[in-house]
Amino acid sequence: MANFTPISAAIGGVLIGLSAALLMLLSGRVAGISGIFGGCFVRGADDRGWRLAFLGGLILAPVTAALVGYGVPLPAMPASWWIVVGAGLLVGFGSRMGKGCTSGHGVCGIARLSPRSIAATVVFMATAAITVAIMRHGW
Amino acid sequence: MATLAPLLCGFVFGWGLLISGMTQPTKVLGFLDVFGAWDPSLAVVMAAALLVSGAGFALMRQRERPYLAGQTYWASNANIDTPLVAGSAMFGVGWGLVGLCPGPALVNVATLSLPVIVFVAAMAAGMALHDVLQTRQVVTGQAPAASDG
Numbered sequence: 025m026a027n028f029t030p031i032s033a034a035i036g037g038v039l040i041g042l043s044a045a046l047l048m049l050l051s052g053r054v055a056g057i058s059g060i061f062g063g064c065f066v067r068g069a070d071d072r073g074w075r076l077a078f079l080g081g082l083i084l085a086p087v088t089a090a091l092v093g094y095g096v097p098l099p100a101m102p103a104s105w106w107i108v109v110g111a112g113l114l115v116g117f118g119s120r121m122g123k124g125c126t127s128g129h130g131v132c133g134i135a136r137l138s139p140r141s142i143a144a145t146v147v148f149m150a151t152a153a154i155t156v157a158i159m160r161h162g163w
Numbered sequence: 032m033a034t035l036a037p038l039l040c041g042f043v044f045g046w047g048l049l050i051s052g053m054t055q056p057t058k059v060l061g062f063l064d065v066f067g068a069w070d071p072s073l074a075v076v077m078a079a080a081l082l083v084s085g086a087g088f089a090l091m092r093q094r095e096r097p098y099l100a101g102q103t104y105w106a107s108n109a110n111i112d113t114p115l116v117a118g119s120a121m122f123g124v125g126w127g128l129v130g131l132c133p134g135p136a137l138v139n140v141a142t143l144s145l146p147v148i149v150f151v152a153a154m155a156a157g158m159a160l161h162d163v164l165q166t167r168q169v170v171t172g173q174a175p176a177a178s179d180g
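Just so you know, the sequences run in chain order B and E. Under this note's numbering, the very last position in the first sequence is 163; numbers go up by exactly one each time. Under this note's numbering, the very last position in the second sequence is 180; numbers go up by exactly one each time.
1. Taking the alpha helix (DSSP H) that residue 139 of chain E belongs to, which residues open and close that run?
2. Mapping the DSSP letters down to three states, classify residue 125 of chain B as helix, strand or coil.
3. Can you check the stretch 86 to 143 of chain B for any beta strand (DSSP E) of at least 3 residues that lies completely inside it and give the ranges in chain order?
4. Residue 103 of chain E: which of B:157, B:155, B:73 and B:53 sits nearest, CA to CA?
5. Which class does residue 82 of chain B belong to by DSSP, given the choice of helix, strand or coil?
6. Between residue 93 of chain E and chain B, is there a C-beta pair that is closer than 8 Å?
7. If the criterion is Cβ atoms closer than 8 Å, does the pair residue 49 of chain B and residue 160 of chain E meet it?
8. Determine the direct distance from the alpha carbon of residue 107 of chain B to that of residue 136 of chain B, and round the result to whole angstroms.
9. Between residue 147 of chain B and residue 120 of chain E, is the Cβ-Cβ spacing less than 8 Å?
10. Using only alpha-carbon positions, find the residue among B:33, B:86, B:100 and B:41 that is nearest to residue 40 of chain E.
11. Residue 106 of chain B versus chain E: which residues are under 9 Å apart at the beta carbon?
12. Mapping the DSSP letters down to three states, classify residue 162 of chain E as helix, strand or coil.
13. Helix, strand or coil, according to DSSP, for residue 144 of chain E in the structure here?
14. Under 8 Å between the Cβ atoms of residue 62 of chain B and residue 120 of chain B?
15. How big is the Cα-Cα spacing for residue 93 of chain B and residue 86 of chain B?
16. Which residue's Cα is closest to the Cα of residue 132 of chain B: B:59, B:98 and B:162?
17. Give the single residue among B:157, B:98, B:57 and B:51 whose Cα lies nearest to the Cα of residue 45 of chain E.
18. Please state the DSSP three-state secondary structure of residue 32 of chain B.
19. Given this structure, state the Cα-to-Cα distance separating residue 168 of chain E from residue 152 of chain B, to the nearest angstrom.
20. For residue 160 of chain B, return the contacting residues in chain E, with the cut-off set at a CB-CB distance below 9 Å.
21. Could you check the C-alpha separation between residue 36 of chain B and residue 85 of chain E for me, to the nearest Å?
22. Give me the chain E residues within the contact set of residue 69 of chain B, using Cβ-Cβ distance strictly less than 8 Å, ordered along the chain.
23. Can you say whether residue 129 of chain B is buried or exposed, counting buried as having 16 or more other CB atoms within 10 angstroms of its CB?
24. Check residue 66 of chain E in the structure and name its three-state DSSP category.
25. Residues of the stretch 141 to 158 of chain E in Cβ contact with chain B at a cutoff of 8 Å, in chain order, please.
26. Does any residue of chain B bring its CB to less than 8 Å from the CB of residue 168 of chain E?
27. Between residue 59 of chain E and residue 126 of chain E, what straight-line distance do the alpha-carbon atoms span, to the nearest angstrom?
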């Protein structure tokens with residue numbers, strides 16, 4: 025557990041929770057990123073305004089971070105384009121089909137003790153851990 | 032105000048992802064790698080987020096409506112159905128392959144990393160593909176349910 029960073033994890037987690045609490049208390053919306061992002065592509069949607077505002081704020085975070093000298097490291101990505109594209113398709117299709125991702129189910133849904141979200145989180149944590157086990161340990 | 036609130040919330044969410052290290056695929060994969068050098072940071076992020084959002088949602092339950100909106104938009108479906116399980120299983124495989132889920136992927140677009148931009152484009156295509164297939168299903172009588180998140 026040499027890479028364990030509990031203090032920054034707790035501070036970041038509090039901010040994520042604060043964002044979800046405020047979005048519900050102020051706008052009545054669930055802070056699920058796949059739902060917010062995916063909802064922008066629904067034909068004839070009349071609620072793109074708040075979605076684009078949230079996504080704009082999300083992107084503003086790394087921009088302001090860079091401005092105050094809090095450099096955002098380049099993420100380590102797989103070398104294979106097939107894996108990048110395949111994983112993106114799976115994340116997009118799957119989060120839309122399962123109606124939520126790590127934020128919508130894993131944070132907001134579990135915080136309201138939704139059985140659907142608890143089930144979804146158990147399932148995607150399990151398949152993700154199995155995928156990493158196969159990719160890294162070859163079984 | 033109605034637009035400013037989501038903008039502020041997105042901003043705080045993005046900073047939360049950055050500070051927690053969850054925008055780095057290596058941190059996320061370190062958590063998912065339960066048979067390797069396990070990094071429990073993601074569990075701490077979730078636990079802290081759950082405590083604060085849970086408190087906020089409890090406050091919401093004592094109110095009739097949100098401060099700046101006419102109603103709350105909670106998911107209404109309570110059934111653990113096949114699309115929920117199958118979709119979540121697919122999402123988990125994609126998450127485990129790269130270590131990016133939608134929030135961190137979008138934040139990382141700001142780094143202008145080409146693989147991240149390709150990942151986000153594929154993610155949007157996957158979402159659009161799902162919605163096209165689902166719209167066809169609606170014709171055959173299966174109505175889509177409201178989103179959980």
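Virtual Cβ for every residue (Gly too), placed ideally from N, Cα, C.
Reading from the atomic positions:
1. Taking the second sequence and counting its residues from 1, the one referred to as residue 139 of chain E is at position 108. Taken as a continuous stretch (DSSP letters only), the alpha helix (DSSP H) holding residue 139 of chain E covers 133 to 139.
2. In the first sequence, counting from the first residue as 1, residue 125 of chain B sits at position 101. Reduced to three states, the DSSP call for residue 125 of chain B is coil.
3. none
4. Position 72 of the second sequence, counting from 1, holds the residue named residue 103 of chain E. When only C-alpha atoms are compared, the closest one is B:53.
5. The residue given as residue 82 of chain B occupies position 58 in the first sequence. In the structure shown, residue 82 of chain B sits in a helix (DSSP, three-state: H, G or I).
6. Reading the second sequence from its first residue, position 62 is the one you call residue 93 of chain E. With 8 Å as the cut-off, residue 93 of chain E does not count as an interface residue toward chain B.
7. Here residue 49 of chain B corresponds to residue number 25 of the first sequence, with the count starting at 1. Here residue 160 of chain E corresponds to residue number 129 of the second sequence, with the count starting at 1. No.
8. Locating residue 136 of chain B in the first sequence gives position 112, counting from the first residue. Locating residue 107 of chain B in the first sequence gives position 83, counting from the first residue. About 34 Å.
9. Numbered from 1 along the first sequence, position 123 holds the residue referred to as residue 147 of chain B. Numbered from 1 along the second sequence, position 89 holds the residue referred to as residue 120 of chain E. Contact flag set, yes.
10. Here residue 40 of chain E refers to the residue found at position 9 of the second sequence. Answer by Cα proximity: B:41.
11. Mapped onto the first sequence, residue 106 of chain B falls at position 82. Under the 9 Å cutoff, chain E gives no residues; its nearest Cβ is about 10 Å from residue 106 of chain B.
12. Taking the first residue of the second sequence as 1, we reach residue 162 of chain E at position 131. Correct three-state label for residue 162 of chain E: helix.
13. On the second sequence, position 113 is the one that residue 144 of chain E refers to. Coil, per DSSP.
14. Here residue 62 of chain B is taken as the residue at index 38 of the first sequence, counted from 1. Here residue 120 of chain B is taken as the residue at index 96 of the first sequence, counted from 1. Result yes, Cβ atoms of residue 62 of chain B and residue 120 of chain B sit closer than 8 Å.
15. Sequence index remark: in the first sequence, residue 93 of chain B carries index 69 (1-based). Sequence index remark: in the first sequence, residue 86 of chain B carries index 62 (1-based). Rounded to whole angstroms, residue 93 of chain B to residue 86 of chain B spans 10 Å at the Cα level.
16. Locating residue 132 of chain B in the first sequence gives position 108, counting from the first residue. Among B:59, B:98 and B:162, the Cα nearest to that of residue 132 of chain B belongs to B:59.
17. Mapped onto the second sequence, residue 45 of chain E falls at position 14. Minimum Cα distance to residue 45 of chain E is reached at B:57.
18. Within the first sequence, numbered from 1, the residue matching residue 32 of chain B stands at position 8. If DSSP states are grouped into helix, strand and coil, residue 32 of chain B belongs with the helices.
19. The count along the second sequence starts at 1 and reaches residue 168 of chain E at position 137. The count along the first sequence starts at 1 and reaches residue 152 of chain B at position 128. One C-alpha to the other measures close to 28 Å.
20. Here residue 160 of chain B is taken as the residue at index 136 of the first sequence, counted from 1. Those within 9 Å of residue 160 of chain B in chain E are 60, 64, 66 and 67.
21. In the first sequence, the residue the question calls residue 36 of chain B occupies position 12. In the second sequence, the residue the question calls residue 85 of chain E occupies position 54. Computed Cα separation, rounded: 16 Å.
22. Here residue 69 of chain B refers to the residue found at position 45 of the first sequence. Those within 8 Å of residue 69 of chain B in chain E number zero; the least Cβ separation is about 11 Å.
23. For this step, residue 129 of chain B is matched to residue 105 along the first sequence. It is buried - the Cβ of residue 129 of chain B has at least 16 other Cβ atoms within 10 Å.
24. Position 35 of the second sequence, counted from the first residue, corresponds to residue 66 of chain E. Of the three classes helix, strand and coil, the one that applies to residue 66 of chain E here is coil, per DSSP.
25. 141, 142, 144, 146, 147, 149, 150, 151, 152, 153, 154, 155, 156, 157 and 158
26. In the second sequence, counting from the first residue as 1, residue 168 of chain E sits at position 137. Judged by the 8 Å Cβ criterion, residue 168 of chain E is not in contact with chain B.
27. Locating residue 59 of chain E in the second sequence gives position 28, where the first residue counts as 1. Locating residue 126 of chain E in the second sequence gives position 95, where the first residue counts as 1. So the alpha carbons of these two residues sit roughly 9 Å apart.
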